[in-house]
Amino acid sequence: MKFGVSTYSLVRSIRSGEMTVTDVIQWAADNGAEHVEIVPFGFTLFENPELTDQVRHKAEDVGVELSNYAILSNFTQEDDEEYEREIARVMKEVDVAHRLGVKLMRHDVAWLPTPPNGKGGPAGLFMDDSTVNIARFERELPRMAAACQRIADYAANFGITTSVENHLYYVQASDRVQRLIQTVNRENYKTTLDVGNFMCVDENSVIGVRKNIKYASMVHLKDFYYRPSYRDPGEGWFRTSNGNFLRGAIFGHGDVDTWDVLRTIKASGYNGYASIEFEGIEECKMATKISLDNARRIWNQC
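For what it's worth, UniProt numbering labels the leading residue of the sequence shown as 1, then goes sequentially.
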């Protein structure tokens with residue numbers, strides 16, 4: 001397996017101006033990463049070919065691969081024109097992925113409105129009953145899948161595999177991810193499997209990984225601290241879909257059974273990219289380096 005880092009792990013340094021995305025690539029190479037996953041938070045590559053080329057050339061210069069390009073997108077619009085505009089935009093993002101030279105691209109399928117009485121989630125997200133309502137999911141599934149089919153077919157022209165990540169609550173549980181992949185029914189449509197994110201919908205990470213690793217085009221290595229709903233730990237935590245508490249952790253320090261997760265991945269025969277996606281409160285460079293070292297160490301021990 002090729003261990004690397006997501007630029008999202010260092011997003012605080014990017015947003016503060018301490019580092020640019022090319023600085024992150026240099027840092028990753030200096031700290032033993034075999035690849036870098038590009039997540040355009042704190043910078044944009046969309047309609048920015050100059051920076052896109054700089055990112056690709058920097059990776060070539062320092063000898064790390066660019067593994068995956070991961071963007072936000074949403075196909076739950078009721079308005080047909082908005083829906084078509086979003087599909088067209090994501091297809092242009094496929095062009096960015098092609099210019100980067102990556103063969104993997106994650107795009108989302110849904111996020112929902114933020115009701116004022118919702119429960120707080122990460123990155124300002126909220127959830128209410130509609131977020132976990134299976135009837136609504138089944139109703140919207142054909143429209144979400146149709147968008148993913150069209151984008152996957154476009155990406156196939158460049159040899160790119162597109163994917164859905166298990167996050168943002170609505171399409172996060174392993175069964176819903178499988179349902180979407182099976183409905184899209186394209187060889188180049190899979191999942192970016194985040195080992196920690198199953199906890200956001202109160203699913204055991206080992207079970208979620210065991211169920212979905214066969215569909216994975218990419219793996220995110222993430223860890224969380226967990227507290228039950230009756231033990232409010234205060235500031236810095238967010239709620240799961242059932243009201244429990246999570247906070248990002250250094251990989252190997254939290255409550256995800258990272259040993260069993262990596263043992264499950266190894267037993268599956270998966271041999272692709274795995275990137276550290278750190279989102280805790282510790283200093284991000286230190287935390288990402290420890291996470292990367294822990295991932296390799298646990299992989300070799302399990």
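Idealized CB from N, CA, C, for every residue including glycine. Treat the numbers as computed from the prediction; the structure is a model and nothing was measured.
Residue range of the beta strand (DSSP E) that includes residue i
i: Met218; result: Ala216 to Leu221
i: Arg247; result: Phe245 to Ala249
i: Ser6; result: Lys2 to Ser6
i: Asn68; result: Glu65 to Ile71
i: residue 311; result: The structure shown does not extend to residue 311, since the chain is modelled only from 1 to 302, so the question has no answer here.
i: Ile276; result: Tyr273 to Ile276
Option nearest residue i by Cα separation, candidates the options
i: Leu104; options: Glu60, Arg89, Glu165 and Ala88; result: Glu165
i: Ser67; options: Asp53, Phe238 and Glu34; result: Glu34
i: Val109; options: Val102, Asn74 and Leu100; result: Asn74
i: Glu65; options: Val55, Ile71 and Arg143; result: Val55
i: Val177; options: Ile151, Gly159, Glu138 and Phe158; result: Glu138
i: Arg12; options: Phe158, Glu279 and Ser174; result: Glu279
i: Gly254; options: Gly159, Asp223, Asp175 and Tyr189; result: Asp223
i: Ala135; options: Val171, Asp30, Cys284 and Asn188; result: Val171
i: Ser174; options: Leu262, Ala156, Arg210 and Ile265; result: Arg210
i: Asp202; options: Phe3, His167, Asp293 and Lys58; result: His167
i: Val90; options: Tyr154, Thr52 and Gly252; result: Tyr154
Classification of residue i by the beta-carbon crowding that lies within 10 angstroms, buried from 16 upward
i: Asp194; result: buried
i: Asp61; result: exposed
i: Ile25; result: buried
i: Asp79; result: exposed
i: Tyr69; result: buried
i: Gly63; result: exposed
i: Thr44; result: exposed
i: Arg106; result: buried
i: Ala147; result: buried
i: Tyr230; result: exposed
i: Gly236; result: exposed
i: Ala28; result: buried
i: Leu17; result: Residue identity differs from the one stated: residue 17 is Gly in this sequence, not Leu. Answer is exposed; the Cβ neighbour count stays below 16.
i: Met144; result: buried
Cβ-based neighbour list, residue i, same chain, cut-off 8 Å, excluding 5 preceding and 5 following
i: Tyr270; result: Met1, Ile213, Ala216 and Val219
i: Thr20; result: Ile14 and Phe43
Residue range of the alpha helix (DSSP H) that includes residue i
i: Ala29; result: Val21 to Asp30
i: His253; result: First-last for His253: undefined, no H or E at that position.
i: Arg179; result: Ser174 to Val184
i: Val36; result: Where Val36 is concerned, there is no enclosing alpha helix (DSSP H), although the beta strand (DSSP E) it sits in stretches over His35 to Ile38.
i: His98; result: Asp80 to Leu100
Residue i at chain C interface by Cβ criterion, 8 Å
i: Val164; result: The structure shown contains no chain C; it holds only a single protein chain.
Close beta carbons around residue i, own chain, < 6 Å, minus the five adjacent residues each side
i: Ser6; result: Glu37, Val39, Ser275 and Glu277
i: Gly243; result: Ser229
Residues near residue i by beta carbon distance below 7 Å, same chain, minus five either side
i: Glu86; result: Ser73, Asn74, Phe75 and Gln77
i: Gly32; result: Leu292
**Prompt:** So, do the segment 287 to 302 and the segment 210 to 219 have three or more beta carbon pairs nearer to each other than 8 Å?
**Reply:** no
**Message:** Using a Cβ distance threshold of 8 Å, determine whether the segment 88 to 97 contacts the segment 176 to 191, with at least three qualifying pairs required.
**Reply:** no
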